[in-house]
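Asks: Numbers 1 to 182, taken from UniProt numbering, label the letters of the sequence shown in order.
Ideal Cβ positions, reconstructed from N, Cα and C, are used throughout, including at glycine.
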Amino acid sequence: MHTGYKLPAVTFQTRIRDESIEGPNPFRWESKSTEDYFAGKRVVLFSLPGAFTPTCSTYQLPGFENGFADFKAQGIDAIYCMSVNDAFVMNKWAQDQKLQNVQVIPDGSGEFTRRLGMLVRKDNLGFGLRSWRYAAVINNGVVEAWFEEPGLCDNHGEDPYGVSSPETVLNWLNDANREQAA
């Protein structure tokens, strides 16, 4: 992936809370486009192999969630967490993680991830097709900075983490903003 790349136009199938629906599952389907998430905003997008998995739940997602004010201070409008999981799983994970700042995007079919070149096989873990771990700064739907974990391949024996960490992305934003100010 390279800077200047325009994100692919994809439709995501999401589940949105709707108080007019009674019962234990007050949600309705809502289609959201790449444009809905990224147009006119400067955001951080990070993607990971799966909701509820250890590195994602312990380090990456909480780091972005807890650091939201620092990202906002660097000109970030939103932080999105994407995974090749369906809307039910992503919403339950967001609830389990008590998210207030990071919004989840379900790439249930993996179409967005595939078109970015980040769809990998994780059959060695029983996952099937999933996202390789990465983060990006996206400005109005265009990649401004890209942070991809090393070793992109199918059935990788490990789950590299560091390049796409909240700390790495925030350091890049700090440096980029410092350079602009100089």
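With 16 as the cutoff for other CB atoms within 10 Å, does PRO26 come out buried or exposed?
Replies: exposed
Asks: With a threshold of 7 Å (Cβ to nearest heavy atom), would PRO49 be considered close to the ligand NAD?
Replies: In the structure on display, the ligand NAD does not appear, and there are no ligands present to speak of.
Asks: Name the DSSP beta bridge partners of ARG15, please?
Replies: Beta-bridge pairing links ARG15 to TRP29.
Asks: Hey, quick one: how far does the alpha helix (DSSP H) through MET82 stretch, first residue to last?
Replies: Element bounds for MET82: not the alpha helix (DSSP H) but the beta strand (DSSP E), 78-83.
Asks: Would you mind stating whether GLY67 and PRO160 have Cβ atoms separated by less than 8 Å?
Replies: no
Asks: If we count the other Cβ atoms within 10 Å of its Cβ and call it buried at 16 or more, is residue 218 buried or exposed?
Replies: Residue 218 lies beyond the residue range present for the chain, which begins at 1 and ends at 182; the question has no answer from this structure.
Asks: Determine the extent of the alpha helix (DSSP H) in which PRO106 is found, giving its start and end residues.
Replies: That residue, PRO106, is in no alpha helix (DSSP H); its beta strand (DSSP E) goes 102-106.
Asks: By the 10 Å Cβ neighbour count, where 16 or more other Cβ atoms means buried, how is THR58 classified, buried or exposed?
Replies: exposed
Asks: Tell me which residue opens and which closes the alpha helix (DSSP H) that VAL10 is part of.
Replies: Membership of VAL10 in any alpha helix (DSSP H) is not indicated, and neither H nor E is assigned to it by DSSP.
Asks: Can you tell which of VAL169, ILE76 and ASP123 has the C-alpha that lies nearest to the C-alpha of LYS41?
Replies: ILE76
Asks: In three-state DSSP terms, what is GLU149?
Replies: coil
Asks: Would VAL102 pass as a contact of ALA51 if the rule is Cβ separation under 8 Å?
Replies: no
Asks: Please work out which residues of its chain come closer than 7 Å, Cβ to Cβ, to ILE16, disregarding the five sequence neighbours upstream and downstream, and give them in chain order.
Replies: PHE27, ARG28 and GLU30
Asks: I need the boundaries of the beta strand (DSSP E) containing TYR37, first residue and last residue.
Replies: Note, TYR37: premise wrong, no beta strand (DSSP E); alpha helix (DSSP H) at 34-38.
Asks: What did DSSP end up calling ALA136 once you bin it into helix, strand or coil?
Replies: strand
Asks: So the beta strand (DSSP E) LEU173 belongs to, where does it begin and stop?
Replies: It is not in any beta strand (DSSP E) - LEU173 instead sits in the alpha helix (DSSP H) that spans 166-181.
Asks: For SER131, does the count of other Cβ atoms within 10 angstroms reach 16, so buried, or fall short, so exposed?
Replies: buried
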